[in-house]
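The structure appears below as structure tokens.
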Amino acid sequence: MCIYGDDPFGNLLDPMQGRKSQGRALQLRYPNVPADIAGCDVLYIGQSQSRNVDELLEMAESQEGILTVSDLPDFIRKGGIVGYVKQGNVIRFEISLKAAMEAGLTINSRLLELAVRVLR
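Residue numbers (the numbering used here): 3 to 122.
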């Protein structure tokens, strides 16, 4: 998992570093330039990257299989796959099925049902 820009997770993800899921260990990376996102399976784009979001999404799209995630406004309309949105005091998420398919990713139907909005 790569975190580009602000890290809203603090040290929350640290205990998961190295844990295995489906035979693969979780590795956290913090790339500093867009070219360094190569090899990321999940790319979280922080709030501080609002000016660079188009370039980062373009770079991610050129590397098939990267799940892009952010809480930037209108993230899925800009080409991101999963966007977190605040509704009152609750954090929910939106999914761009179109962007996921273009990245060669399949989104579980149960996850799609939980999304507050699905862009097709």
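In this text, a Cβ means the ideal position worked out from N, Cα and C, and glycines have one as well.
Alpha carbon to alpha carbon, how far is residue j from residue i? Give it in angstroms, no decimals.
i, j, result
"residue 51", "residue 78", "15 Å"
"residue 102", "residue 18", "25 Å"
"residue 83", "residue 90", "22 Å"
"residue 72", "residue 105", "16 Å"
"residue 74", "residue 21", "28 Å"
"residue 47", "residue 70", "7 Å"
"residue 115", "residue 10", "26 Å"
"residue 109", "residue 119", "14 Å"
Give a yes or no on whether the C-beta atoms belonging to residue i and residue j are separated by under 8 Å.
i, j, result
"residue 55", "residue 3", "no"
"residue 49", "residue 7", "yes"
"residue 98", "residue 121", "yes"
"residue 36", "residue 58", "yes"
"residue 107", "residue 67", "yes"
What residues in its chain sit with their C-beta under 7 Å from that of residue i, if we drop five residues either side in the sequence?
i, result
"residue 117", "95, 96 and 97"
Under 8 Å Cβ to Cβ from residue i, same chain only, skipping five residues before and after it: list those, please.
i, result
"residue 33", "4, 6, 39 and 42"
"residue 23", "none"
"residue 53", "none"
If I measure Cβ to Cβ from residue i and keep anything under 6 Å in the same chain, skipping five residues before and after, which residues do I get?
i, result
"residue 86", "73, 93 and 95"
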